[in-house]
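**Student:** Protein chains in written order, with full-length UniProt numbering: chain A, 1 to 71; chain B, 1 to 71. Quick reminder that beta carbons are idealized off the backbone N, C-alpha and C, glycines included.
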């Protein structure tokens, strides 16, 4: 059972966006899709994990991250 | 007893460099100085921790990181 969540994340280049992708990529099949937009400062994640768990993972990057909501 | 270490880290903007600083900043007084250079792709850390411990922390950012050596 998976859900899609949106997070606001401070990303100023594609390297920043790549960091978000790689951190979520370490979670294996618990994360089935990740989309990043530097322009909109947004990370969209489809996952079987909770938004709190995903937020904690994204915060490991050292970026400022906020949970926006489920899509 | 602290030591200064150099790491090579893939950083393409100041946001990337800031992520490295913030992740190391969470370690409190175990890290006494951090310098980043996007131009040289280098993070210089003065810490009481081992290079392996610091490498693990820097890898949390989702960036590619390598330990270069003690300074």
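From 36(B), 19(B), 31(B), pick the residue whose C-alpha is nearest to that of residue 63(B); which is it?
**Tutor:** As a working note, residue 63(B) is residue 63 in the second chain. Out of 36(B), 19(B), 31(B), 19(B) has the C-alpha closest to the C-alpha of residue 63(B).
**Student:** From which residue to which residue does the beta strand (DSSP E) around residue 6(B) run?
**Tutor:** Position 6 of the second chain, counting from 1, holds the residue named residue 6(B). Taken as a continuous stretch (DSSP letters only), the beta strand (DSSP E) holding residue 6(B) covers 3 to 9.
**Student:** Decide yes or no for the touch test of the stretch 52 to 60 of chain A against the stretch 3 to 10 of chain B: beta carbon pairs closer than 8 Å, at least 3 of them.
**Tutor:** No contact exists between the stretch 52 to 60 of chain A and the stretch 3 to 10 of chain B.
**Student:** Name, going along the chain, the residues of the stretch 4 to 36 of chain B whose beta-carbon falls closer than 9 Å to a beta-carbon of chain A.
**Tutor:** The residues in question are 10, 11, 12, 13, 14, 15, 16, 18, 19, 20, 21, 22, 23, 24, 25, 26.
**Student:** Counting only the same chain and skipping the five closest in sequence on each side, list residues whose C-beta sits under 7 Å from that of residue 17(B).
**Tutor:** As a first step, residue 17(B) must be located in the second chain, where it is residue number 17. Counting only Cβ-Cβ distances below 7 Å, and skipping sequence neighbours, we find 11, 36, 38.
**Student:** Which class does residue 62(B) belong to by DSSP, given the choice of helix, strand or coil?
**Tutor:** To locate residue 62(B), count along the second chain from 1; it is residue 62. Coil, per DSSP.
**Student:** Near residue 6(A), which residues of its chain fall below 7 Å by C-beta distance, leaving aside the five closest residues on each side in sequence?
**Tutor:** For the purposes of this step, residue 6(A) is taken as the residue at position 6 of the first chain. If we look at residue 6(A) and ignore the five residues flanking it on each side, its Cβ neighbours are 42, 44, 68, 69, 71.
**Student:** By DSSP, does residue 26(A) sit in helix, in strand, or in coil?
**Tutor:** As a first step, residue 26(A) is located in the first chain; it is residue number 26 there, counting from the start. The answer is coil: DSSP assigns residue 26(A) none of H, G, I, E or B.
**Student:** Along the beta strand (DSSP E) that carries residue 48(A), what are the first and last residues, could you check?
**Tutor:** The residue you call residue 48(A) lines up with position 48 of the first chain. Run containing residue 48(A): none; DSSP gives neither H nor E here.
**Student:** Does residue 63(B) get closer than 7 Å to chain A when you measure Cβ to Cβ?
**Tutor:** Here the question's residue 63(B) lines up with position 63 in the second chain. Closer than 7 Å: yes.
**Student:** By Cβ distance below 7 Å, which residues in the same chain neighbour residue 30(B) in space, the five residues on each side in sequence not counted?
**Tutor:** As a position in the second chain, residue 30(B) is number 30, starting the count at 1. These residues qualify, in order along the chain: 47, 48, 49.
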